[in-house]
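If you count by our numbering, then the sequence shown holds residues 36 to 993, one letter each, in order. All residues carry an ideal CB built from backbone N, CA and C; glycine is no exception. What you are looking at is a predicted structure, and each value in this text was computed from that prediction instead of being measured.
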Amino acid sequence: MNDFEDKTVYILDSYGLIYRCYFAFINHPLTNAEGKNVSAVFGFFRNLNIILSHYNPKYIIAAMDSRTPTFRHQMYKDYKITRAKTPEDLHSQIPVIEEILTALGIPLLRCDGFEADDLIATIAKKCAEKGRKCRILSGDKDLMQLVNDTAQILKPDANGAWKVVGKEGVKAEWGVMPEQLLDLLSLYGDTADNIPGVKGIGVKRAGMLLEQYGSLEGIYEHADEIKGSMGEKIRSGKENAFFSQKLIRLCYDVPLSEKDSIKPVNLDFASAAKLLLRYGLPSVAEQYEANSDVNNAAENPTGSAVRDAAYGTIKNAAQAGKDPTEDGQAGNAGKAYKTQAQQETDDVSPAMIPVQNKGDYRAVTNIKELSEFIDSVFDMKKNVVAFDCETDSLETHSAHMLGFSLCAEKGRAIYAPLAAQEALFDREFISKNDAFSQLERLFNDENITLVMHNGKFDYEILKTKISCRIADTMIAAWLLEPDRNGRNSYSLEFLAETKLGLKGIEYDDIVAKGQTFADVPLEKAVPYGAEDADFTFQLWQYFEGRLEKNNLTKLFWQTEMRLIPILAKMELKGIHLDKNALNVYNEELIKQIHSAEQDIYKTVGHEFNIASTKQLQEVLFTELGLKPGKKTKTGFSTDTAVLEELAAWHPVPQKILDYRTLTKLQSTYVEALPKLADANSRVHTSFIQTGTATGRLSSRDPNLQNIPVRDEAGRKIRTAFTAVDKTVLISADYSQIELVVLAHLSGDKNMRKAFMEGTDIHRFTAALIFNVTPEDVSPEQRRLAKTINFGVIYGMSAFRLSNELKIPRTQAQGFIDNYFSTFSAIQDFKTRVIESAEKNGYVETIFGRKRAIPAINSRNKMEKSGAERMAVNTPIQGSAADIVKQAMIDVDAALEQKDNGANLLLQVHDELILECPDERRTIEETVSLVKDKMENAVKLSVPLKVSVEYGKNWGEFH
């Protein structure tokens, strides 16, 4: 703590948090040993513990809703009438939460006739008047109007932490400043509270109007100036808009008495812990008891905290590595599959406030010690060992292994530095050959489980065959929570902190700028390297049971783990790049870019910096007078979506889009690819297993998935990927795999018939919806059918279809209606999937891959609509991704057995690229083998079809 007291006031939006926690577990309620629902109590106090541990607030209060009707009910008898009655098993938990809050020492604030939001607004106003900061713990959008220089929102985020939302955060989320949010919500309305708003005005349009006119009053002062249907909606909705404003506006002067004054709290964690234990929540009780111990230790540093005997069971379970919520006292709490929304409450643990790791780590510098450690692994009951290696580079095809770590017991690990081959007078370490002779005892034993984190990297560094079972904790984390955002969401450091509560040594703390791990002294290398193996070992203990409980073990072992060595081989092999071909194309691009520039200058009437957002804004919106769209911090947006809309009104936006396409091709591929090639002119992309929530592989350095597929520019780039001398490239591409999966999952007889007969699915679709013979389908009709076919997968609306095809929305809706009339089982399939998601909180693929759909039961129409699209798309796209992975596994196994020199090189979307010796017999047997394995990767009710070609470069195919 600082020398001065932090007087920040923390205000709990109690009912908002209670409801959030209850409904997070609505599909799999948590119950205690008596069978009573404790979801809300569990989630509420787990979330609260994060705040108490992290911020240590001295001033905190819980705002509660009125027990009697409020002034808004008197103003509007239908206020909140659309809300369902509070479930009885939620209603019964509210007194329990209030009892525990009181025991903890957090005051409850309630005033008849007023909602908690009004109490919060009143306190926030008082704080502002006295210059005191306040933080409001809530996910409620209505409270964001309170954000100002002294008030912030602490909002639960998708990763189970609390996100601080200030004024710019409100602007980023809603497009308006906090002081304008009341007016935006007055226009938009709130279906959850039965607040009407203005019919037909959504968030985006409301934001645009407020951007232009400043306030609701300003909008209606200029209502006659607003053109078209929007103006009509605004004018006809005036009464509703101002009535909604009255309902949504918070009351800032709730009559609070002296007894409601906010005073410093002295939190009684021990009393709260006893009640939590009594109500059957031992894991949460343990957290509060731990806080009690910390407080006791702070008050009496030389004394020891006296624990209540009732905590023996909890502490013993924790020390044994068990999750206390899984014993008999916790009923079924924590055993159900966790949706993302559930994880926001259930997965928030003390790990969010990590402690510095301290392990028993030692160096192993001779072969005898290493051999003895490996002997001990074989003596252990489970034969599980975690492995991690340290290198001088992250480029696996050129990196050197500097040492490795092994861990077979929580908290204890070894680090073995390897002798540098060129070192003559360095201290003696184990040679790489000697080390590998011992490691191969582990690698070649099928009873061993070798646990790694990002095992593909280690596999590529080792460059040796591994026959034992591989378990990758990064992949395990991803399978359980595939929608985590951020590049480091599955990093060892992040998972150790959030799952284990342990903070490790930072790489930058031991490796100076401009140096590599090779420069780190042994005394620093040992704890850094060994703790990586220790964290990996502990994470496997954390994830293994969870994979089993969520029925993900088959997908984990039979698909994802078998894919690791295949991807490693593909990355190490790389694909040859013809730099000269790219140089030739670059010269062509330079001319095209120059021509595009001159064309833009000529149309505009003068030269300007096309890459400058500011200058482009000036040209488009001031000089040309085009109507701006959304606004960013730097002015009106000039992104692709905006330019595409503006292109209908003036030729310059389209010319700028074409110019950007050319410059992106040049910078992203034509100029960048040669820099990524090694000394043998081979490019080694990195395949990312954890890059998408649906299971599709992605790639980086370079990102091959984003090379344009259909146009000439993309073909010229692909032409630069070539076969080396005496070899050919083979391309094997699934035909319409996602539509095949859709036909299988939906069982639609018309779509299945098309695939069974091997007809062109888009021509077949066009013939049915336009009621013509397949021979009479025009190119335009086929294009439309193709757009709708794929639009179904991605949830395309009539609005989007009309924009894409440049047709009236009514016509687009007619096409969609006709499509679902023709393929009626597809609409039934969509309905089934959405209903299943609403019931279970997740969807799954044919292979059992699960994806949580947290917003599927949202009352927000936009959120729910997006969730429904995700729910329908995931089983289709995810199943297709799983099929491609299975095909890779089967093809690789067959190639190893055949041993004819052919190898997998790339996987891009639904296509596999192989390198094969340029011998007719070898090519024919490889083509036959690949086609057979891919078409039989899984048995569906409709056949999988694969087209196979071979040639000297990738650009020759399709």
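Worksheet item: Which residue from E679, I483, N621 and V878 puts its Cα closest to that of K751?
Response: N621
Worksheet item: Looking at T762 and L607, is the spacing between their C-beta atoms short of 8 Å?
Response: no
Worksheet entry | Rounded straight-line distance, which links the Cα of A98 to that of I388 | With a pLDDT of 49 at I388, under the threshold of 50, the modelled position of that residue is not reliable, and no figure is offered here.
Worksheet item: Under the rule that 16 or more other beta-carbon atoms within 10 Å means buried, what is S264, buried or exposed?
Response: exposed
Fill in: Residues of its chain near A929, where Cβ-Cβ distance is below 7 Å and the 5 sequence neighbours each way are ignored
Cβ within range, chain order: L964 and K968.
Item to complete: Determine the direct distance from the alpha carbon of K262 to that of F656, and round the result to whole angstroms.
Response: 19 Å
Worksheet item: Buried or exposed: which applies to L979, given that a residue is buried once 16 or more other Cβ atoms fall within 10 Å of its Cβ?
Response: Result: buried.
Worksheet item: Whole-angstrom Cβ separation of L774 and N785, contact assumed at under 8 Å?
Response: About 12 Å separates the two Cβ atoms, so there is no contact after all.
Worksheet item: DSSP state of W575, grouped into three classes?
Response: helix
Item to complete: With distances taken Cα to Cα, identify the nearest neighbour of Q322 among I645, G536 and T66.
Response: G536
Worksheet item: According to DSSP, is Q473 helix, strand or coil?
Response: In this structure, Q473 counts as helix in the three-state DSSP scheme.
Worksheet item: Out of F422, F858 and V486, which has the shortest C-alpha to C-alpha gap to F471?
Response: F422
Item to complete: For W684, name the three-state secondary structure that DSSP assigns.
Response: coil
Worksheet item: Anyone know if the C-beta pair for Y114 and N229 falls short of 8 Å?
Response: Inclusion of Y114 and N229 in the CB contact set at 8 Å is warranted, their separation being smaller than that value.
Worksheet item: Which of the three DSSP states, helix, strand or coil, is assigned to D152?
Response: helix
Worksheet item: Roughly how many angstroms lie between the CA atoms of Q627 and H685, to the nearest whole one?
Response: 21 Å
Fill in: Start-end ranges of the beta strand (DSSP E) lying completely within the stretch 724 to 807, minimum 3 residues
733 to 735 and 762 to 769, all fully within the stretch 724 to 807.
Worksheet entry | Element boundaries [beta strand (DSSP E), containing M969] | Per DSSP, M969 belongs to no beta strand (DSSP E); it is in the alpha helix (DSSP H), R955 to E970.
Worksheet item: Can L189 and R167 be called in contact, C-beta distance under 8 Å?
Response: Using a Cβ distance threshold of 8 Å, L189 and R167 do not count as a contacting pair.
Worksheet item: Is T703 near the ligand SAM, judged by its Cβ being under 7 Å from some heavy atom?
Response: The model on display carries no ligand, and the ligand SAM is accordingly not part of it.
Fill in: Residue span of the alpha helix (DSSP H) that contains K885, given as start and end
Premise fails: K885 lies in the beta strand (DSSP E), K885 to A887, not in any alpha helix (DSSP H).
Worksheet item: Got a sec? Which residues, its chain only, sit under 7 Å from R997 by beta carbon, not counting five neighbours each side?
Response: Nothing can be reported for residue 997: it is not among the residues displayed for the chain, which extend from 36 to 993.
Worksheet entry | Buried versus exposed call for E425 [16 or more other C-beta atoms within 10 Å across all chains shown] | buried
Discussion item. Under DSSP, the beta strand (DSSP E) around P452 begins and ends at which residues?
Written reply: Residues R447 to P452.
Discussion item. Can you tell me whether N988 is helix, strand or coil according to DSSP?
Written reply: Three-state DSSP puts N988 in a strand.
Discussion item. Please report the distance separating the alpha-carbon of L902 from that of W989.
Written reply: In the sequence as displayed, the identity of residue 902 is Ala instead of Leu. Rounded to the nearest angstrom, the two C-alpha atoms are 37 Å apart.
Practice prompt. With distances taken Cα to Cα, identify the nearest neighbour of S74 among Q247, S976, A616 and G315.
Written response: G315
Discussion item. Under DSSP, the alpha helix (DSSP H) around N82 begins and ends at which residues?
Written reply: S74 to Y90
Worksheet entry | Beta-carbon gap between T880 and D917 smaller than 8 Å | yes
Discussion item. For L824, which residues in the same chain have their Cβ closer than 7 Å to its Cβ, ignoring the five residues on either side in sequence?
Written reply: The sequence given here has Asn at residue 824, not Leu. Taken in chain order, the residues that qualify are L774, I796, H797 and T800.
Discussion item. Is the separation between the beta-carbon of D395 and that of R476 shorter than 8 Å?
Written reply: no
Worksheet item: I823 by DSSP, collapsed to three states: which one?
Response: DSSP places I823 in helix when its eight states are reduced to three.
Discussion item. For a test of the three-state rule: what should DSSP assign to Q247, helix, strand or coil?
Written reply: Helix at Q247.
Worksheet item: To which residues of the same chain is M487 closer than 6 Å at the C-beta, ignoring the five residues directly before and after it?
Response: F422, D493 and D507
Worksheet item: According to the neighbour-count rule (16 or more other Cβ atoms, all chains shown, within 10 Å of its Cβ), is Q187 buried or exposed?
Response: buried
Worksheet item: By Cβ distance, which residues of its chain are closer than 8 Å to K987, with the 5 residues on each side in sequence left out?
Response: T757, A758, V763 and L764
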